[in-house]
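If you read the protein sequences in the order shown, they are chains A and B. Residues in the first sequence are numbered consecutively from 1374, following the working numbering. Residues in the second sequence are numbered consecutively from 1374, following the working numbering. Positions of the beta carbon are idealized from the N, C-alpha and C atoms, including for glycine. Here is the structure we will look at, set down as structure tokens.
Number of protein chains: 2
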Amino acid sequence: MKAEPVKDEDESKGRRLKGGDAQKLTMAEVAKYVGVSAMTVSRAFRQDASVSEETRKRIMEAVDALGYVLDLSAGSLSSRRSGFIAALVPSINNSNFSDTARGITDALENTGLQLLLGYTDYSAEKEEKLIEAMLRRRPEGIILTGGSHTDRARRMLDKAGIPVVETWEIPEEPINHVVGFSNSEAMSLLVRALASQGYRRFGYIGGTTARDTRGSQRRSGFLKTVEELGLGPGRAISFGVPPITMEQGGQAVVSLLERWPDTEVVLCVSDLSAFGAIMECKRRGMRVPEDIAIAGFGDYEISSICYPSITTINVDCYGIGRQAAARLLDALQDGGEASADEITLTGYRVVLRESTERGAR
Amino acid sequence: MKAEPVKDEDESKGRRLKGGDAQKLTMAEVAKYVGVSAMTVSRAFRQDASVSEETRKRIMEAVDALGYVLDLSAGSLSSRRSGFIAALVPSINNSNFSDTARGITDALENTGLQLLLGYTDYSAEKEEKLIEAMLRRRPEGIILTGGSHTDRARRMLDKAGIPVVETWEIPEEPINHVVGFSNSEAMSLLVRALASQGYRRFGYIGGTTARDTRGSQRRSGFLKTVEELGLGPGRAISFGVPPITMEQGGQAVVSLLERWPDTEVVLCVSDLSAFGAIMECKRRGMRVPEDIAIAGFGDYEISSICYPSITTINVDCYGIGRQAAARLLDALQDGGEASADEITLTGYRVVLRESTERGAR
DNA sequence: GGGCAAGATGATATCGATAACAATCTGAAG
DNA sequence: CTTCAGATTGTTATCGATATCATCTTGCCC
């Protein structure tokens, strides 16, 4: 794309030495080399700025030749735009959240904004620390998972004066923007779908701890709906601290079936625990769904591949990311007043699969 | 930990307005508020700096009261330390790499360094772009996955004068530090382990594309070893572009068995494709391992949970991250001369599980 | 009491780019 | 030929913290 000057040999020799020559290469030096002012070099780096094609070309050749790399940390100080947005997710090792992160990254492409990602490990304290660490870098916006934050975190976010997007649920007291869905209603939908297939004795695997508010909401949605359908009380057991692993899902289903052996169908807080539960059942010689039906939540890739494939709630994880980033970008353009305090609802749907197939029974 | 002043009501009201009051809160203002110089405030934020306990306490109270948040972008300009390191991984939605990322993050805790993570989607071009984007923020070090980079990327890294760690494999021409293992030898080890159990007719699923060098190395390790054992030629088929998904693993095993119906054991480039292959086999009524044995690579969580559990190579993903970060930290302290160009080998081991159990045959 | 080290604090220059405004040039319209 | 808009480039001040050096205490030792 750029003009290719001489691919000189000496560019690549003697470089193992740390920081030899480039350490102090600055825009001013590029400018001197080309014979223009630093300001013109600065302009050449931006598409919109008015620099003649001819000058830009010469500058870019010099940049290539010298191996200059723009220094954003200097630029962001004077322009007062850090050029990145922060996002916090509970865990990166979770394909639901990494899909969301991917959605954010994709939406940010070509905006000149970069994503700074952090993971909170489902802990509000860690989240608070991370928020502070992020704010110290003056992000232009921040995307959070969930609506449960420490007081100090809320204060810092308020003070920061940047758009905030809470995702993946619908907080009772939103800070600013929201892109999410009701975990409780989604789980309720799944219960009703299964009840309408004839299931009556429902079990549930998943915690209640404050650490995972989405999990708690799913649980309460489950209990409420089972009650409403006159099938209560629901048989729910908790297990470990979030996130519940596949292995814990396996242990949990065993406890649940020991306690309530006649359970017909078990709903799990996520597909991961559902997968663990199914595999443990098969290992113990039970048939799924003939002996016990099992469903998950989240529609992870594993659930469509697994045999039996797993009934679940499909959540638009990637879309949550994209839309959260879009809301942020809007807010940054509009000055942030326009769409604030509106809630963007994202879709979800029941996906019925083999793990709850009724005919087989 | 810090003194808790008055939790005043008015701190939290009227904050929905974007950027109201805090927009311009600066260290100088905190200093004026306390009655010291800005420099003293700056010192109070660092543990090592010499400030009297009494003064630090007053400053921190003021910081709390005013809601001041340190601005690192300003600080890094003058101190010439950006305070973060960059890491590039092929994919965040892959628990092997997210374990590595976790290892890095953990190793960085309490060093004052932050991780800036990017994902290359297995593309060298995307990697080049990302490296440039990262270098613009002047990271103090950078961790890469693999040893295959574009020329321009190498030049930029050379020029940058910061420690570089390549991970997850052993590059032919290392840039600087290396923390990894031989994917080829690891796969070879797995072949030998299975051969010594009596398996003779080996199949392989996984690509050869330049995109995934680790995958290619595993493949060539497979082919070479099968040959060496006098069991060749190995039956290898490629499928799609990396990363091979679970679903593609399922499709691939079908093609492979159509082409070479008498295959006894199939090795896959990763546990994910192995899982897909196993599930597809079960769906088609084949028994694993009785009718066909299948093994993976990477020891993902899924492999120990799955029924049948999956034979695989366990890789110390988390350790790769920790050690890469440790090498970086060392280099930053020593001035980088000490350990450069040494290769840190990380461990791997064969994990035999149900999916290749021989007795059942 | 003098001298001096260690501790605490302040004053000033500076990091490297960009905002804001000024200056210059070009060409077209009048 | 003059004028003026628009394009191009330059000059200077500045973003907000920190490095560096200077200053001022305090206390201890001989």
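Tell me whether the beta-carbon of residue i lies closer than 8 Å to the beta-carbon of residue j.
i	j	result
L1530 of chain A	T1493 of chain A	no
P1662 of chain B	E1727 of chain B	yes
I1683 of chain A	V1626 of chain A	no
V1638 of chain A	Y1691 of chain A	no
N1549 of chain B	A1697 of chain B	no
L1337 of chain A	A1566 of chain A	Residue 1337 of chain A cannot be examined here, being either before or after the span of chain A that is shown, 1374 to 1734.
R1587 of chain B	G1669 of chain B	no
V1424 of chain B	R1416 of chain B	yes
P1615 of chain A	G1576 of chain A	no
I1716 of chain B	T1540 of chain B	no
I1665 of chain A	L1630 of chain A	yes
V1552 of chain A	V1538 of chain A	yes
V1599 of chain B	V1564 of chain B	yes
T1428 of chain B	V1403 of chain B	no
I1686 of chain B	A1559 of chain B	yes
L1450 of chain B	L1445 of chain A	no
L1489 of chain A	L1439 of chain B	no
Count the other C-beta atoms from every protein chain shown that fall within 10 angstroms of the C-beta of residue i, then say buried if there are 16 or more, exposed otherwise.
i	result
R1700 of chain B	buried
D1421 of chain B	exposed
D1585 of chain B	buried
E1545 of chain B	exposed
D1524 of chain A	exposed
R1657 of chain A	exposed
E1601 of chain B	exposed
S1628 of chain B	exposed
E1377 of chain A	Interpretation of E1377 of chain A is limited by its pLDDT of 36, a score under 50 that renders its predicted location unreliable; the figure taken from the coordinates is listed afterwards. Result: exposed.
R1660 of chain B	exposed
S1452 of chain B	exposed
G1491 of chain B	buried
T1636 of chain A	buried
G1732 of chain A	exposed
Between which two residues does the alpha helix (DSSP H) harbouring residue i extend?
i	result
L1602 of chain A	That residue, L1602 of chain A, is in no alpha helix (DSSP H); it is neither H nor E in DSSP.
A1625 of chain B	1619-1632
Y1691 of chain A	1690-1707
I1515 of chain A	Careful: I1515 of chain A lies outside any alpha helix (DSSP H), inside the beta strand (DSSP E) at 1515-1518.
I1477 of chain B	1468-1481
S1678 of chain A	Correcting the residue type first, residue 1678 of chain A is Ile in the shown sequence and not Ser. I1678 of chain A -> alpha helix (DSSP H) spans 1674-1678.
I1504 of chain B	1497-1508
Determine the closest residue to residue i out of the options, with distance taken between C-alpha atoms.
i	options	result
E1500 of chain B	B:Y1441, B:L1508, B:H1522	B:H1522
L1398 of chain B	A:D1672, A:R1695, A:A1533	A:A1533
Q1570 of chain B	B:A1650, B:G1485, B:V1723, B:A1438	B:V1723
Q1706 of chain A	A:R1591, A:C1654, A:I1535	A:I1535
S1676 of chain A	A:L1702, A:R1527, A:T1729, A:D1703	A:T1729
S1561 of chain A	A:R1591, A:E1427, A:M1433, A:S1471	A:R1591
L1443 of chain A	B:T1582, B:D1444, B:V1414, B:R1511	B:R1511
I1610 of chain A	A:T1582, A:L1604, A:G1603	A:T1582
L1655 of chain B	B:R1632, B:T1636, B:P1681	One point to set straight first is that residue 1655 of chain B is Lys, not Leu, in the sequence displayed. Measuring from the Cα of K1655 of chain B, the nearest candidate turns out to be B:P1681.
How many whole angstroms separate the CB atoms of residue i and residue j, which I take to be in contact at a CB cut-off of 8 Å?
i	j	result
G1607 of chain A	L1596 of chain A	5 Å
G1671 of chain B	A1650 of chain B	About 14 Å; that fails the 8 Å criterion.
M1507 of chain A	A1447 of chain A	Contact doesn't hold; Cβ gap of about 20 Å is too wide.
D1644 of chain A	Y1673 of chain A	4 Å
L1456 of chain B	L1481 of chain B	Going by the sequence as given, residue 1456 of chain B is Gly instead of Leu. Rounded, the Cβ-Cβ distance is 10 Å, inconsistent with contact.
I1465 of chain A	S1471 of chain A	6 Å
L1593 of chain B	Q1621 of chain B	The question names Leu, but residue 1593 of chain B is Ser in the sequence shown. The Cβ separation is near 20 Å, so there is no contact.
N1467 of chain A	V1688 of chain A	Not quite, the Cβ-Cβ distance comes to about 12 Å (not below 8 Å), so this is no contact.
L1517 of chain B	A1568 of chain B	The Cβ separation is near 34 Å, so there is no contact.
Along the beta strand (DSSP E) that carries residue i, what are the first and last residues, could you check?
i	result
Y1577 of chain A	1575-1578
R1722 of chain B	1721-1724
E1542 of chain A	It is not in any beta strand (DSSP E) - E1542 of chain A carries neither H nor E in the DSSP assignment.
I1716 of chain B	1716-1718
V1462 of chain B	1457-1462
I1651 of chain B	Counting along the chain, I1651 of chain B falls outside any beta strand (DSSP E), though it belongs to the alpha helix (DSSP H) covering 1644-1656.
Y1406 of chain B	That residue, Y1406 of chain B, is in no beta strand (DSSP E); its alpha helix (DSSP H) goes 1400-1407.
G1491 of chain B	1487-1492
V1442 of chain A	Where V1442 of chain A is concerned, there is no enclosing beta strand (DSSP E), given that its DSSP letter is neither H nor E.
V1551 of chain B	1550-1553
V1738 of chain A	Examination of residue 1738 of chain A is not possible in this model, given that chain A is present from 1374 through 1734 alone.
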